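For the sequence shown, this note's numbering assigns the number 1 to the initial residue and increments by one for each residue that follows. Right, one structure below, let's go through it.
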Amino acid sequence: MQISARNQLLGIIQKIEIEKVSATIYVKLKSGYVMTSVITVGAIENLGLKENDEVIVIIKSNSIFFRKKEKINISARNKLNGIIESIHLGEINAEVILNVNGDLIAGVITKNAIDELGLKVTDKATAIIKSSDVMIGK
């Protein structure tokens, strides 16, 4: 099966914390960052997920926010620091590719946001992703 989500990152499940309905999965990416995902317990059972499984972290490009400051206090759990590799400008939106120690993260934000944040190729930036926006594939 192929999917349209731009961000498909390979990783290994380090830890699974199960609650009544949902669970938090911690996946170590090749970049060294640990990505958290909140999914249902039913999804864990359907996929047969367990610690040390190789999985694919899937994130839609419009679920990624960018910030130039590396340190930011925000409730989103996934904050990945990297270098902007490219910016593709459209009439309204722009695609930003962030290189996070070899993992490429593609995000789509407005062209106005590019200007307001002052994002440029080779800038240090942080991709911010809510745990509930991170899907797991196996």
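Note that CB positions come from ideal geometry on N, CA and C, so glycine has one too. Given the structure is predicted, the values throughout are model-derived calculations rather than measurements.
Annotation: K68 to A43 spans about 34 Å, alpha carbon to alpha carbon.
Under DSSP, K15 shares a beta bridge with Y26. Annotation for K79: the continuous beta strand (DSSP E) segment containing it runs N78 to L89. Residue pairing of S61 in beta bridges, as defined by DSSP: absent, with no partner found. Excluding the 5 residues flanking it on each side, N93 has same chain C-beta neighbours closer than 8 Å at V108, I109, T110 and K111, in chain order.
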